[in-house]
Structure formats: C-alpha cells, structure tokens
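Written out below as structure tokens is the structure these notes cover.
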C-alpha cells in the first residue's frame with residue numbers, strides 16, 4: 019500500500035502545549051496554569067441571546083461571510099475601540115475563531131516559496147499554518163532585554179526579496195508583551211518601504227493594562243496592507259463558541275471568503291447571534307474581567323520576583339513568561355519535574371519557539387485562590403532546586 023500521508027503534514031510537530039495537560043487530567047490534586055482560557059463563564063446576557071436564537075429556530079446557515087448585523091457591529095466596535103473604519107460588506111468576514119482567520123489569510127495570500135516573518139516566542143499555530151499554505155516561515159527571535167518587542171533592526175535583518183508577509187501578534191501570547199505607538203511607528207516605516215503585508219493578530223486587544231491598545235492598521239499607509247484578526251474568545255470568555263473575524267482590504271477578504279466558503283461554509287449561527295449581543299452590550303463585562311486579570315497579573319509577577327526569578331512585566335494578555343535559566347534546567351526539564359514533584363502544570367517556553375528556552379509560560383486566567391496554591395508549590399520547588407544548584 020502506498021503511503022497515504024502528506025510529507026508536509028507529517029513534518030509538522032504536534033503542539034507542545036497539550037502534552038502536560040493530558041497528564042494533568044489524570045492526576046489527582048494537580049493544578050494547571052497552562053491553558054489560555056478565561057475562567058469566567060460567558061456573561062449571562064450573551065448566553066441568553068444564544069439560547070433565544072435556538073428557541074426561535076435560528077438553526078440555519080448564515081451567509082458565508084457572516085450575519086450582516088454581526089458584521090455591522092464588528093465594524094462599529096472597531097471604530098469605537100480602535101479608531102479603525104471598515105466596510106461591513108466587502109472588508110469583513112466572520113470566522114470559526116481567530117485561528118481560522120489566520121489560516122485562511124495565509125492561504126489567500128501565499129504562493130509556494132513566499133517567506134513569512136514570524137517573531138517568536140509566539141502562538142503555536144503561526145508556523146504550521148504558514149507551512150500548510152506553502153509558505154516558508156522565517157523566524158525572528160525576540161529578546162527579553164527588548165521586552166519581547168519586534169525592533170526595526172530585527173525586521174530589516176530578516177527581510178529578503180522573497181518576503182511577503184509579517185505576522186504581528188500584540189498583546190503577545192506567550193510573553194504578555196505589547197508594542198506601543200512609538201514601537202509600532204519604527205517598524206511601520208520598514209513595512210511600507212519593503213512592501214510587506216501584515217497579519218495583525220489582536221485577539222488580546224481588550225486585555226491591555228494601564229494603556230490603550232493601538233492597532234498597526236491605524237497608521238497611515240497600513241490599512242491597505244493589513245489584515246486585522248480578532249475574536250470573542252478572550253475578551254468575552256467565549257472560547258467554546260468558536261467565533262472570530264478578520265477585516266482588511268476587499269481584494270484579500272474576497273479570497274478569504276472563497277476558502278471559508280468551501281472549507282467551512284459559515285461560523286456557527288447560534289454563536290453569531292450571541293456575538294451581536296456581546297459587541298452591543300458587553301463593554302462592562304470586558305472591563306470587569308480585565309480588572310480581575312490585572313490583579314492576578316500583579317500577584318503572579320510579584321511572586322516570581324520574590325522567588326528570585328527574573329520576570330518581565332506583561333502589559334497585555336493573561337500570561338507571564340518568567341526566566342528559569344538561573345536554576346540550570348531546560349524549560350522542558352523544569353516543567354516535567356514541577357508536575358511530578360509539586361503537581362503543577364506549566365508550559366515550557368520552547369513550545370512557542372526555540373528562543374523560548376529558559377522560560378515558562380504561566381497563565382493567570384485562574385482564580386486567585388488557585389493561583390496562590392500553585393505559586394506556593396512553585397516557590398517550594400524553586401527553593402529546593404536552587405539549594406541543589408548551590
């Protein structure tokens with residue numbers, strides 16, 4: 019029998035996040051600090067709208083690009099919150115989560131051999147999605163000393179005559195880094211000069227602490243070369259609803275809709291009706307959850323610094339990325355031993371790229387009580403292994 023499998027797919031490694039959590043699910047009294055999922059329930063008024071849509075028998079397909087009312091609300095939201103203006107009819111598509119939007123954006127734009135710049139550490143899907151679209155991922159290693167921001171110099175050094183796209187993800191998963199106006203302005207000049215398309219993953223835009231999120235698409239000359247991707251999972255605690263969206267130039271969105279049409283048909287109808295309610299009346303829910311995450315953020319950063327570990331202060335998302343190099347262990351080794359000895363699951367930094375070695379991703383999308391117990395266990399583990407190293 020001939021080999022039924024694709025060499026391209028076989029060459030893609032499975033996600034480095036899942037391994038530890040398959041073990042945790044079978045381990046009594048274990049605490050997981052690894053999953054990037056809000057611990058809040060979807061706000062009740064949003065759930066009610068989803069229930070109401072089912073009671074009304076709204077179980078039909080929507081148009082491929084999504085409900086018109088939802089697309090209109092997406093455009094109103096982006097204008098209100100990000101000062102971005104898009105046409106709901108030609109420049110907006112509703113997707114099955116932000117992940118589908120990333121996938122179809124790459125597939126709509128890449129020719130075989132086109133290079134895609136991917137700053138790492140980053141979300142685990144960017145690299146495989148670029149490969150599956152026929153692109154060549156080019157990794158830019160972000161540095162802790164630069165607060166994990168992409169610099170103009172790093173960008174320039176990675177660009178070749180084959181460069182077509184840059185995936186930019188701020189606030190960042192796993193580091194919690196953000197890029198403010200001046201940081202973005204520096205790279206915008208390069209992007210325009212070198213004629214690069216940007217896929218801007220802004221799924222954590224509402225989870226920005228102490229400052230306002232700025233979209234790279236808001237800069238002069240960037241709207242026509244940027245696909246902005248966002249969704250409902252993180253902001254509105256709607257992970258299981260699988261609802262996202264993309265906005266951008268009509269000629270790109272048109273091709274994304276074509277792929278979406280043949281591969282997916284449409285996003286879940288019930289979720290789309292719930293999404294309309296979220297955008298119309300969910301600002302207070304977002305603010306409440308953001309304030310809660312901010313308290314947890316400060317607790318976790320303080321705890322790691324008290325342990326004697328370097329911990330960059332995140333200003334976005336709900337992760338910290340502490341450095342454990344001083345303990346003389348690899349990230350994988352630390353995570354494995356911590357789970358075995360203290361029953362706490364974290365994600366090795368290498369799950370987000372090789373340059374994540376020496377770091378861990380810790381999610382603080384958990385209750386204060388669970389975080390305190392987990393941090394006490396981590397503190398014991400660090401103290402015990404620090405003594406061994408001495």
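Residue numbers (our numbering): 19 to 408.
Ideal Cβ positions, reconstructed from N, Cα and C, are used throughout, including at glycine.
- Residue 79 is classed as exposed because its beta carbon has fewer than 16 other beta carbons within 10 Å across all chains shown.
- Inside the stretch 220 to 277, DSSP marks whole beta strand (DSSP E) runs of 3 or more residues at positions 244 to 249, 262 to 265, from first to last along the chain.
- Residue 323: member of the alpha helix (DSSP H) spanning 301 to 324, first to last residue.
- The Cβ atoms of residue 102 and residue 246 sit closer than 8 Å to each other.
- DSSP places residue 175 within a helical segment (H, G or I) once states are collapsed to three.
- A distance below 7 Å between beta-carbons, with the five flanking residues on each side excluded, links residue 244 to the following residues of its chain, in chain order: 216, 218, 234, 235, 266.
- When rounded, the separation of the alpha-carbon atoms in residue 280 and residue 82 is 9 Å.
- Judged by their CB atoms, residue 110 and residue 92 are nearer to each other than the 8 Å cut-off.
- Nearest to residue 302 by C-alpha distance, out of 64, 44, 46, 19, is 64.
- Between residue 295 and the set 88, 258, 77, 49, the nearest pair of CA atoms involves 88.
- Assigned with DSSP and collapsed to three states, residue 33 falls in coil, not helix or strand.
- For residue 138, the pairing in a beta bridge is given by DSSP as 159.
- One thing to note: residue 185 has its Cβ within 8 Å of the Cβ of residue 134.
- Contact between residue 255 and residue 132 fails: their C-beta atoms lie close to 36 Å from each other, not under 8 Å.
- When the beta-carbon positions are compared, residue 165 and residue 330 come within less than 8 Å of each other.
- For residue 348 and residue 368, the gap between their C-alpha atoms comes out near 9 Å.
- Counting the other Cβ atoms within 10 Å of the Cβ of residue 259 gives 16 or more, which makes it buried.
- Between the C-alpha atoms of residue 161 and residue 173 there is a straight-line separation of about 13 Å.
- Straight across, the Cα-Cα distance linking residue 72 with residue 298 is about 19 Å.
- When C-beta atoms of the stretch 332 to 348 are compared with those of the stretch 20 to 31, fewer than three pairs fall below 8 Å, so the two segments do not count as touching.
- Its Cα nearest to that of residue 154, the residue 125 stands out among 125, 343, 99, 209.
- For residue 111, the enclosing beta strand (DSSP E) starts and ends at 110 to 113.
- In this structure residue 274 is buried. Its beta-carbon is surrounded by 16 or more other beta-carbon atoms within 10 angstroms.
- Contiguous alpha helix (DSSP H) elements confined to the stretch 68 to 104 occur at 86 to 100, taking only those with 4 or more residues.
- Counted as a single uninterrupted DSSP element, the alpha helix (DSSP H) harbouring residue 356 occupies residues 349 to 360.
- Following the DSSP letters along the chain, one finds residue 202 inside the alpha helix (DSSP H) bounded by residues 199 to 211.
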